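Numbering of the sequence shown is given in the numbering used here, commencing with residue 166 and proceeding in unit increments. Note that the Cβ used here is the ideal one computed from N, Cα and C, for glycine as well. Quick caveat: nothing in here was measured; it's all calculated off a predicted structure.
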Amino acid sequence: MTDLEGRVALVTGGSRGVGRGIARRLADDGATVAVNYRRDAAAADEVVAAITASGGCAKAYQAAVDDTDAVAAMLSAIGDDLGTVDLLVSNAGTASRGTAIADTGPEEYLRLLRVHTLGPLELIRLLLPGMRTCERSDVVVISSSIVGETPPNGAAYTMAKAALEAAARTLAREERGHGVRVNIVAPGLVATDMGQRLAAAAAGRTIEELDPSYPFGRVARPDDVAGVVAFLASADADYLTGQRIQVDAGGPDSTLL
């Protein structure tokens, strides 16, 4: 597919897991992709190499999304190298420590808010002037099905993702007059390294052991999420903004996760 030909996409947390799947899919669909990573340069380089080997165009850029100076420097470099970003996938995140509210201090809430909410909003703020000059721009924020499930011991993570979703819905209304579409993708459990850790911590099982209890016989894969993101950025979703798509096949049959 070449539906995204000529688009410049930035995928935060694009070196692994869901972000890696999204970066590769957007490149397959014709976008030039800036692959953001925080620490693992080798993993980011592998994503870029895979995209290049498939005939796509990509480059890796380091910045922690909660480091405003690093983010500003990254955006400057992307602009010089690739041009104006007209497609942002805000995917970078971090796990919570999984404690009850009674045992969670304010520093944990602030840590999650900086990564999942405040950092992405500052990134979006810096990108908007350029996005407004483009014929079409898209912001896709990666949230989580956990927002609607509110499980025990997850308040800090759930709150940060819920705040991001609220801001995204507001942004969609504010920016539609500028041609900027803003949508939310909320996966359930996904078969990634982080998903394996979550499955082990919450259920004492592996993804492979959980697969049979999930709809269609498997937990979601990164490509499932990537396909939805690619659709939202495509001409087929031209009239969609302010929407939330939950990628979990309707939820697991098991109550473990």
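Scanning its chain for C-beta atoms nearer than 7 Å, with the 5 sequence neighbours on each side dropped, one finds around Pro285 the residues Val230, Ser255, Val306 and Leu329, in chain order.
DSSP places Leu175 inside the beta strand (DSSP E), whose first and last residues are Val173 to Val176. Closest in C-alpha terms to Ser310, from the list Met324, Lys224 and Ala228, comes Met324.
Beyond the five residues adjoining it in sequence on each side, Ile289 comes within less than 8 Å, by CB distance, of Leu253, Ser255, Val304 and Leu336 in the same chain, given in chain order. Pro316 carries a coil assignment under DSSP once its states are collapsed to helix, strand and coil. For Ser399 against Asp251, the beta-carbon gap comes to about 13 Å, at or over 8 Å, which does not count as contact.
Counted as a single uninterrupted DSSP element, the alpha helix (DSSP H) harbouring Leu278 occupies residues Pro271 to Leu278. DSSP, reduced to helix, strand and coil, places Gln361 within a helical segment of the structure shown. When DSSP reads this structure, Asn201 sits in a beta bridge with Tyr226. A residue is called buried once 16 or more other Cβ atoms fall within 10 Å of its Cβ, and Ser241, having fewer, is exposed. Within a 10 Å sphere around the beta-carbon of Thr315 sit fewer than 16 other beta-carbons, which makes this residue exposed. According to the DSSP assignment, Val390 belongs to the alpha helix (DSSP H) that extends over Pro387 to Leu397.
When only Cα atoms are considered, Val200 and Thr269 end up about 33 Å apart. Secondary structure at Leu288: helix, using DSSP grouped into helix, strand and coil.
The shortest C-alpha to C-alpha distance from Gly258 to any of Gly179, Leu292 and Gly313 is the one to Gly179. As DSSP reads the structure, Arg181 sits in no beta bridge. Taking C-beta separations shorter than 8 Å and ignoring five residues to either side along the sequence, the partners of Phe381 in its chain run Ala414, following chain order.
Ranked by Cα distance from Leu363, the options Ile410, Ala351, Asn348 and Arg262 are led by Arg262. In the three-state scheme derived from DSSP, where H, G and I count as helix and E and B as strand, Asp401 is classed as helix.
Excluding residues up to 5 positions away in sequence, Gln227, Ala228 and Ala229 lie with their Cβ nearer than 8 Å to the Cβ of Ala235 in the same chain.
For Leu252, the enclosing beta strand (DSSP E) covers residues Leu252 to Ser255. Under DSSP, Pro352 forms a beta bridge with Val412. Contact between the region 266-281 and the region 341-350 is absent: fewer than three C-beta pairs spanning the two stretches fall below 8 Å.
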